[in-house]
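Enquirer:
There are 2 protein chains.
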Amino acid sequence: MKLYTYFRSSAAYRVRIALNLKGLAYDAVPVHLVRDGGQHLSDAYLAVNPSGLVPALEDDGITLTQSMAIIEYLDEVHPMVPLLPRDAIGRARVRELAQIIGCDIHPINNLRVLKYLVKQLGHDEQAKTDWYRHWIIEGFRSLEAHLARNPGTGTFCHGDTPTIADCYLVPQVFNAKRFDIAVEAYPTIARINDLCVELPAFKAAHPAHQADAE
Amino acid sequence: MKLYTYFRSSAAYRVRIALNLKGLAYDAVPVHLVRDGGQHLSDAYLAVNPSGLVPALEDDGITLTQSMAIIEYLDEVHPMVPLLPRDAIGRARVRELAQIIGCDIHPINNLRVLKYLVKQLGHDEQAKTDWYRHWIIEGFRSLEAHLARNPGTGTFCHGDTPTIADCYLVPQVFNAKRFDIAVEAYPTIARINDLCVELPAFKAAHPAHQADAE
Numbered sequence: 001m002k003l004y005t006y007f008r009s010s011a012a013y014r015v016r017i018a019l020n021l022k023g024l025a026y027d028a029v030p031v032h033l034v035r036d037g038g039q040h041l042s043d044a045y046l047a048v049n050p051s052g053l054v055p056a057l058e059d060d061g062i063t064l065t066q067s068m069a070i071i072e073y074l075d076e077v078h079p080m081v082p083l084l085p086r087d088a089i090g091r092a093r094v095r096e097l098a099q100i101i102g103c104d105i106h107p108i109n110n111l112r113v114l115k116y117l118v119k120q121l122g123h124d125e126q127a128k129t130d131w132y133r134h135w136i137i138e139g140f141r142s143l144e145a146h147l148a149r150n151p152g153t154g155t156f157c158h159g160d161t162p163t164i165a166d167c168y169l170v171p172q173v174f175n176a177k178r179f180d181i182a183v184e185a186y187p188t189i190a191r192i193n194d195l196c197v198e199l200p201a202f203k204a205a206h207p208a209h210q211a212d213a214e
Numbered sequence: 001m002k003l004y005t006y007f008r009s010s011a012a013y014r015v016r017i018a019l020n021l022k023g024l025a026y027d028a029v030p031v032h033l034v035r036d037g038g039q040h041l042s043d044a045y046l047a048v049n050p051s052g053l054v055p056a057l058e059d060d061g062i063t064l065t066q067s068m069a070i071i072e073y074l075d076e077v078h079p080m081v082p083l084l085p086r087d088a089i090g091r092a093r094v095r096e097l098a099q100i101i102g103c104d105i106h107p108i109n110n111l112r113v114l115k116y117l118v119k120q121l122g123h124d125e126q127a128k129t130d131w132y133r134h135w136i137i138e139g140f141r142s143l144e145a146h147l148a149r150n151p152g153t154g155t156f157c158h159g160d161t162p163t164i165a166d167c168y169l170v171p172q173v174f175n176a177k178r179f180d181i182a183v184e185a186y187p188t189i190a191r192i193n194d195l196c197v198e199l200p201a202f203k204a205a206h207p208a209h210q211a212d213a214e
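Here the protein sequences come in this chain order: Y and C.
Just so it is clear: in the first sequence, position 89 is 89 by the UniProt record's numbering, and no numbers are missing.
Just so it is clear: in the second sequence, position 72 is 72 by the UniProt record's numbering, and no numbers are missing.
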């Protein structure tokens with residue numbers, strides 16, 4: 001398996017965690033989002049993923065994009081160390097928690113959106129930072145409420161083993177900390193993150209531990 | 001089943017299509033996103049969904065949010081008229097296509113994001129419209145490329161029966177047309193949309209046919 005990745009991309013970080021949790025070996029192909037005017041926009045990479053976004057996974061001659069689709073695929077094809085619970089309601093809840101991050105926070109703070117704020121709309125660094133923080137704070141308020149109110153929350157986001165939701169939570173907390181969000185204001189998020197980041201699968205997926213880290 | 005919905009919400013529109021395709025009856029509970037300062041931000045609705053977003057589905061005493069999680073749940077619990085193919089690669093592809101819309105287009109054009117552009121950043125209607133159109137054009141370019149290059153594309157986004165990807169495509173095309181995007185520039189998207197909108201399940205889910213339509 002070949003994973004097109006960028007050390008700091010949180011969508012790629014999620015997939016790296018999932019691969020590591022399942023103990024699946026892969027070749028990391030770095031795609032630099034800044035260098036060369038953005039290697040993700042090169043003809044070579046657009047032939048891999050016409051969306052021009054990382055990650056992309058090549059497996060068995062097929063190419064998959066979109067982190068959630070990739071992780072669900074890995075979970076179906078390699079069911080050992082399942083990342084979704086066995087019951088339909090549990091699975092729905094894990095997907096819901098992941099999507100609060102994957103749909104309500106992360107896309108709005110994506111690099112290309114931040115670039116639009118600066119280039120097309122003429123905003124400065126401060127306005128960009130305020131924007132970034134705003135959507136994390138909104139999203140964490142919501143995610144914390146979903147986690148805190150539901151008895152399904154265990155030592156991890158759902159139950160006592162890592163699921164897709166945890167693969168999403170840790171990279172988002174990493175981004176939050178980069179932008180000085182006080183994560184301890186969201187006690188359940190902070191508690192689960194603190195537990196996850198000590199696990200080898202999460203550690204090995206950390207941006208600082210990638211071959212393309214700067 | 002009870003669906004908290006707003007006639008024009010494209011996330012709610014997706015779930016209505018899925019419910020109709022499966023022939024599942026439901027009670028629509030309208031949540032007006034503008035009236036009363038936004039009924040989705042009321043204490044009553046935040047008790048249903050702390051994220052303050054539609055849709056939410058109540059079924060069997062549980063409440064689910066996030067359109068993708070809801071539709072996958074419906075597909076698991078009511079497997080008649082499946083909305084995902086049987087093979088893992090096909091399922092990954094359908095999820096990927098849906099997420100190009102659900103992650104790369106729709107969240108950036110969500111009402112709360114448009115509000116931030118106007119209120120916090122002081123932009124006018126024109127800048128807001130340019131923003132909205134930009135992310136649809138970017139996303140449709142990408143979606144069209146994914147559809148056009150893959151032999152899995154059939155009369156529908158994947159194969160010859162509707163899947164979750166079609167539940168996502170039709171509401172996004174509806175939004176595109178509201179903002180005068182020339183959808184015919186994306187021939188595969190336009191062809192599939194034209195086919196879908198004639199089907200009863202899609203017709204009944206259309207914003208104009210909802211009890212809360214204006």
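Heads up, the beta-carbon is just placed ideally off N, CA and C, and yes, glycines get one too.
Computed from a predicted model, the values in this text were never measured in an experiment.
Determine, using beta carbons only, whether Y:CYS157 comes closer than 7 Å to chain C.
Expert: No, its Cβ sits nowhere closer than 7 Å to a Cβ of chain C.
Enquirer: Closer than 8 Å by C-beta to C:LYS128: which residues in its own chain qualify, once you throw out the five before and the five after it? Chain order, please.
Expert: Counting only Cβ-Cβ distances below 8 Å, and skipping sequence neighbours, we find LEU114, LEU117 and VAL118.
Enquirer: Do C:PRO107 and Y:CYS103 have their C-beta atoms within less than 7 Å of each other?
Expert: Yes, they are a contact pair.
Enquirer: Taking the C-alpha atoms as reference points, what is the distance between Y:ILE70 and Y:PRO207?
Expert: Between Y:ILE70 and Y:PRO207, the C-alpha separation is close to 19 Å.
Enquirer: CA-CA distance, Y:HIS40 and Y:GLN172?
Expert: Going by the C-alpha atoms only, they are around 21 Å apart.
Enquirer: Please compile the residues from chain Y whose C-beta is within a distance smaller than 7 Å of the C-beta of C:MET1.
Expert: By Cβ distance, chain Y contributes nothing, its closest Cβ being about 13 Å from C:MET1, past 7 Å.
Enquirer: By the 9 Å beta-carbon criterion, what residues does the region 83 to 98 of chain C contribute toward chain Y?
Expert: Those residues of the region 83 to 98 of chain C that come within reach of chain Y (Cβ to Cβ, closer than 9 Å) are ALA88, ILE89, ARG91, ALA92, ARG93, VAL94, ARG95, GLU96, LEU97 and ALA98.
Enquirer: Just to confirm my understanding: we take C:ALA211, look at its own chain, exclude 5 residues before and 5 after, and list those with CB closer than 7 Å. What are they?
Expert: If we look at C:ALA211 and ignore the five residues flanking it on each side, its Cβ neighbours are ALA28 and PRO30.
Enquirer: Check whether the Cβ of C:ALA44 lies closer than 7 Å to any Cβ atom in chain Y.
Expert: No, its Cβ sits nowhere closer than 7 Å to a Cβ of chain Y.
Enquirer: Among C:ILE100, C:THR63 and C:GLU72, whose alpha-carbon lies nearest the alpha-carbon of Y:GLY52?
Expert: The option with the nearest alpha carbon to Y:GLY52 is C:ILE100.
Enquirer: Per DSSP, what kind of secondary structure is C:ASP166 in: helix, strand or coil?
Expert: It is helical.
Enquirer: Can the beta-carbon of C:SER67 be found closer than 7 Å to that of C:ARG14?
Expert: Contact: yes.
Enquirer: So that I know if they touch, is there some Cβ in chain Y lying closer than 7 Å to that of C:THR163?
Expert: It does not: the Cβ of C:THR163 has no partner Cβ on chain Y nearer than 7 Å.
Enquirer: Counting beta carbon pairs with one atom in the region 69 to 89 of chain Y and one in the region 135 to 150 of chain Y, are three or more of them shorter than 8 Å?
Expert: Contact between the region 135 to 150 of chain Y and the region 69 to 89 of chain Y is absent, because fewer than three Cβ pairs lie under 8 Å.
Enquirer: Return the chain-ordered list of same chain residues with a C-beta closer than 7 Å to the C-beta of C:TRP135, the five sequence neighbours on each side being excluded.
Expert: The residues are ILE105, ILE108 and ASN109.
Enquirer: Based on Cα-Cα distance, which residue from C:LEU195, C:ALA205, C:LEU46 and C:ARG112 lies nearest to C:ASP160?
Expert: Of the candidates C:LEU195, C:ALA205, C:LEU46 and C:ARG112, the one whose C-alpha sits nearest the C-alpha of C:ASP160 is C:LEU195.
Enquirer: State the beta-bridge partners of Y:ILE62 as determined by DSSP.
Expert: DSSP, once it has assigned bridges, lists Y:ASP59 as partnering Y:ILE62.
Enquirer: Please identify, using Cβ separations under 9 Å, the residues of the region 14 to 37 of chain Y that lie next to chain C, in order along the chain.
Expert: Listed in sequence order: no entries.
Enquirer: Between the C-alpha atoms of C:ILE181 and C:LEU169, what's the straight-line distance to the nearest angstrom?
Expert: Distance between the alpha carbons of C:ILE181 and C:LEU169: 14 Å.
Enquirer: Would you decide whether C:PRO50 is buried or exposed? Buried here means 16 or more other CB atoms lie within 10 Å of its CB.
Expert: Label assigned to C:PRO50: buried.
Enquirer: Looking at C-alpha atoms only, which residue of C:ARG178, C:GLU125 and C:LEU3 is the closest neighbour of C:VAL48?
Expert: The shortest Cα separation from C:VAL48 among C:ARG178, C:GLU125 and C:LEU3 belongs to C:LEU3.
Enquirer: Would you decide whether C:ILE164 is buried or exposed? Buried here means 16 or more other CB atoms lie within 10 Å of its CB.
Expert: Result: buried.
Enquirer: Between C:LEU199, C:GLY90 and C:GLN120, which lies nearest to C:PRO151 when the distance is taken from Cα to Cα?
Expert: It is C:GLY90.
Enquirer: How long is the line joining the alpha carbons of Y:ASP87 and Y:ILE62, rounded to whole angstroms?
Expert: Between Y:ASP87 and Y:ILE62, the C-alpha separation is close to 29 Å.
Enquirer: Mind listing the chain Y neighbours of C:GLY102? Cutoff is C-beta to C-beta under 7 Å, in chain order.
Expert: Neighbours of C:GLY102 on chain Y, chain order: CYS103.
Enquirer: What's the gap between the Cα of C:GLU214 and the Cα of C:ARG112?
Expert: If you take the alpha carbons of C:GLU214 and C:ARG112, they lie about 20 Å apart.
Enquirer: If you reduce the DSSP assignment to three classes, tell me which class Y:LEU3 lands in.
Expert: Y:LEU3 falls in the strand class under three-state DSSP.
Enquirer: In whole angstroms, give me the CA-to-CA distance for C:LEU19 and Y:ASP36.
Expert: Cα to Cα, the separation comes out at about 46 Å.
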